[in-house]
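Chains as they are written, first to last, in this note's numbering: chain A, 13 to 442; chain B, 13 to 442.
Shown next, in the form of structure tokens:
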């Protein structure tokens, strides 16, 4: 047991410490609430949360169950676009203030059945699109936390909870995790149950998980897949990582370019091959393909909400307006090109283990009026690939500079094995 | 205007008659309620419905809106696995008696915005799987209506409403439409918003529509896609239809084989080429691939319900048990083979316009304890293809023998153009 404050333990570290009798779930819970009481007024990660007393009451009412459970009664945050039967789910929208779903989303039910307790609902941008909530970046309160899963990223990065769920349609997990300095994982398209997760775009939406170690992600993935055991495969050293410089996707700043270059040198020092992707236009085109598919589908999915433009933000109305005017043939052409590019990507070099790319154009921008630009995630999300962002790199001002590793579709397990190795062996990826 | 009883008019016929001043929406609504009052005690299509007075009150309260709308205030049935904010949604399950969702599914919102009125919720099997509801086949009350969208198929085939929504994971639209004698359409995977449709299996679920003409399907598809106009393309004569005999998929009876053979002769008489698919094993293997994917995903999606086995049917518990024991590698192998077969299918003969196959092994079986066998739909549903079944053929006992036409993924429009031509030009496909 380290001297680290309890709330800074990762989920797996906390579980092990409880199992070894070095601490208790209640001590860990109280440490999280201490942190929330100190920091929440400034960070604003929570849309709704249990009081400490409510939480402890829930824990004590089923203490034997929690003690024997996988997650030990430890707290989890849930993005407020994911339905919870016991708490409102307002989707960051004025239209849905006080909205109380009748069912838990399946992912919430699975977490609870494994002994996790939903501490609260985390702030999201309006309908998981661009209009920010109140959350600030815990690393520097003047900067955006990124979005749309702003509260989940901030709460985990600030050690208010060890883990939280989010969702990604464009960059809604990877970008806030990168900006706040958390591990963020997005599952392959179709990987997890989407029941009860309010959708934006059926071709693009994926469930995501925030934590402070890859090991925690592996555990939560196992819970979310209803596997009774964690896949105990060892961390796996990659042989060949395809490097996609930011310029292949769109704007990326000098800090990010320098961090990427340093990281590539480190990988090479470990004997890992790092060929570079030199097909700028193919990946770049996916950015606009993604925008087309998303806007077209959002317009149809938000059929009820678009009847109430007076209660929607300007940016969301703008998205709906774009979606209303996309022709079916443009939409289908975008889907077709995405599919073609996905097949091309992995056939051109079958030996690559993962792709390395910037998780965002740079560190979190100054100001809370925008959550930053999402283009760095659009190509991979369009193709439905599993992605993980690892924290550790920073710019001169000490703000996190997130990079992302992208895996093959539905081979999330291999990506996580590689990420575990990278987190343990590459300086700066901690 | 024909002398046909009003409730027997198709949706488009009724709309045109109202627009021409030959009848009124209220007359049409009353004719539907007359039919429901006469037949519902025997057919049992409705899980929940508005009374005539409630319906007319809703119509009159917004009469000007309905008169100017596309659907004129005419009634639509909604399968009881699709959430409705104004009516319970019980999913055919004892666990969810009285369950009242807070939101309308997007498909329901779109129908209502176009001037359709939800007359009620139609009977579904338990969670859209096998355990039957109370519905009987309106063509012969001793026979199953098929499932899982039993009530939607029966209500439309019996002229209680001109149209209804359903959903298909295995055979839940095509089979009941075929057994009851309605037109049944299943959209390509991903084609429509699935928001608020309670899912079974994210890789397989599709929204479906029941009506009494292909023209009606085209109109409702336009509404569900938020298109402001119907695609007015003319019916299109197909040049080449690939014939998949029932034996390529699994058991099919002599009545069905004879009906298929007759239909092929008719197509040939029209100058349509009818090559035969001779790849039995590839299509047959999709039946078991489909079963694997469905059981694996159902187990994860129904995470809440499976905590209450005492409130589930034996057949549903059986499905959950299968799903719990499917390994991830078997699940991924099934998905991989489905994708490979889908690419092979359309590449081996790029000139085919559609595939013809039996919609079910034969006519609706005797008895209400089972909804019949779903294997005839599993291969096409696994590949996410658009499908339409056309009624008209019958066996010696006068029971419907449904066949289905299968289109290319996301090219639902071409399939419906072809189906319009077939319905107008092939004897027996009415």
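Cβ atoms here follow ideal geometry from the backbone N, Cα and C, with glycine treated the same way.
Whose CA, out of the options, lies closest to the CA of residue i?
i	options	result
residue 150 (chain B)	B:429, B:385 and B:379	B:379
residue 422 (chain A)	A:95, A:233 and A:40	A:233
residue 84 (chain A)	A:434, A:227 and A:24	A:24
residue 131 (chain B)	B:259, B:86, B:178 and B:148	B:86
residue 402 (chain A)	A:245, A:393 and A:195	A:195
residue 184 (chain B)	B:69, B:160 and B:332	B:160
residue 124 (chain B)	B:207, B:235, B:47 and B:169	B:235
residue 127 (chain B)	B:79, B:89, B:114 and B:115	B:79
residue 405 (chain B)	B:190, B:324, B:216 and B:360	B:190
residue 277 (chain A)	A:440, A:396 and A:293	A:440
residue 102 (chain B)	B:58, B:64, B:73 and B:122	B:58
residue 129 (chain B)	B:70, B:170 and B:105	B:70
residue 121 (chain B)	B:65, B:217, B:237 and B:228	B:237
residue 64 (chain A)	A:413, A:411 and A:46	A:46
residue 140 (chain B)	B:91, B:152 and B:117	B:91
residue 230 (chain A)	A:426, A:357, A:192 and A:409	A:426
In whole angstroms, what separates the C-alpha of residue i from that of residue j?
i	j	result
residue 172 (chain B)	residue 133 (chain A)	44 Å
residue 56 (chain B)	residue 75 (chain B)	30 Å
residue 81 (chain A)	residue 240 (chain A)	11 Å
residue 344 (chain A)	residue 309 (chain A)	11 Å
residue 198 (chain A)	residue 60 (chain B)	40 Å
residue 38 (chain A)	residue 257 (chain A)	45 Å
residue 177 (chain B)	residue 147 (chain A)	41 Å
residue 305 (chain A)	residue 270 (chain B)	44 Å
residue 21 (chain B)	residue 326 (chain B)	41 Å
residue 348 (chain A)	residue 393 (chain B)	20 Å
residue 362 (chain B)	residue 377 (chain A)	51 Å
residue 206 (chain A)	residue 115 (chain B)	17 Å
residue 202 (chain B)	residue 181 (chain B)	13 Å
residue 246 (chain B)	residue 94 (chain B)	32 Å
residue 302 (chain B)	residue 260 (chain B)	15 Å
residue 366 (chain A)	residue 317 (chain A)	39 Å
residue 442 (chain B)	residue 433 (chain B)	11 Å
residue 321 (chain B)	residue 156 (chain B)	26 Å
residue 330 (chain B)	residue 324 (chain B)	10 Å
residue 168 (chain A)	residue 19 (chain A)	10 Å
residue 370 (chain A)	residue 268 (chain A)	7 Å
residue 291 (chain B)	residue 265 (chain B)	20 Å
residue 35 (chain B)	residue 68 (chain B)	16 Å
residue 328 (chain A)	residue 143 (chain A)	7 Å
Between the beta-carbon of residue i and the beta-carbon of residue j, is there less than 9 Å?
i	j	result
residue 407 (chain B)	residue 436 (chain B)	no
residue 286 (chain A)	residue 340 (chain A)	no
residue 295 (chain B)	residue 250 (chain B)	no
residue 368 (chain A)	residue 428 (chain A)	no
residue 275 (chain B)	residue 415 (chain B)	yes
residue 88 (chain B)	residue 174 (chain B)	yes
residue 431 (chain B)	residue 226 (chain B)	yes
residue 188 (chain B)	residue 383 (chain B)	yes
residue 220 (chain A)	residue 385 (chain A)	no
residue 391 (chain A)	residue 420 (chain A)	no
residue 389 (chain B)	residue 346 (chain B)	no
Would residue i pass as an interface residue toward chain D - the criterion being a Cβ-Cβ separation below 9 Å?
i	result
residue 143 (chain B)	Included in the structure are the protein chains A and B, with no chain D among them.
Under 8 Å (Cβ pairs) to chain B, residues found in the stretch 100-115 of chain A: For the stretch 100-115 of chain A, which is checked against every Cβ of chain B, the residues closer than 8 Å are 111, 112, 113, 114 and 115.
The stretch 132-147 of chain B contacting the stretch 163-172 of chain B, beta-carbon criterion three pairs below 8 Å: Verdict: yes, contact present.
Segment contact flag, the stretch 37-54 of chain A with the stretch 90-110 of chain A, C-beta cutoff 8 Å, min 3 pairs: No: the two stretches stay apart, fewer than three of their Cβ pairs being nearer than 8 Å.
Inter-stretch contact (C-beta, 8 Å, three-pair minimum) for the stretch 204-220 of chain A and the stretch 304-321 of chain A: Touching, yes, given that three or more Cβ pairs across the two stretches are closer than 8 Å.
Interfacial residues, the stretch 206-218 of chain A to chain B, with Cβ spacing under 8 Å: Those residues of the stretch 206-218 of chain A that come within reach of chain B (Cβ to Cβ, closer than 8 Å) are 206, 207, 210, 211, 214 and 215.
The stretch 299-330 of chain A: positions lying closer than 8 Å to chain B by Cβ: Those would be 309, 311, 312, 313, 314, 315, 316 and 319, in chain order.
Chain A contacts made by the stretch 396-426 of chain B, where a contact means CB separation under 9 Å: Taking 9 Å as the Cβ-Cβ cut-off, the stretch 396-426 of chain B approaches chain A at 422, 423 and 425, given in chain order.
Near-chain B residues of the stretch 75-87 of chain A (beta-carbon distance less than 7 Å), N- to C-terminal order: Result list empty, no residue passes.
Cβ-based contacts, 7 Å cut-off: residues of the stretch 182-204 of chain A near chain B: With the criterion set as a beta carbon lying under 7 Å from some beta carbon of chain B, the members of the stretch 182-204 of chain A are 202, in sequence order.
Near-chain B residues of the stretch 335-356 of chain A - C-beta to any C-beta below 8 Å: Listed in chain order, the positions of the stretch 335-356 of chain A with a beta carbon within less than 8 Å of a beta carbon of chain B are 336, 340, 344 and 347.
Where the stretch 237-252 of chain B meets chain A: residues whose CB sits under 8 Å from a CB there: Hits within the stretch, in order: 237, 238 and 239.
Within 7 Å of chain B by C-beta, residues of the stretch 57-76 of chain A in sequence order: Within the stretch 57-76 of chain A, no residue has a Cβ that lies closer than 7 Å to any Cβ of chain B.
The stretch 120-144 of chain A: positions lying closer than 8 Å to chain B by Cβ: Per Cβ criterion, the list reads 121, 122 and 125.
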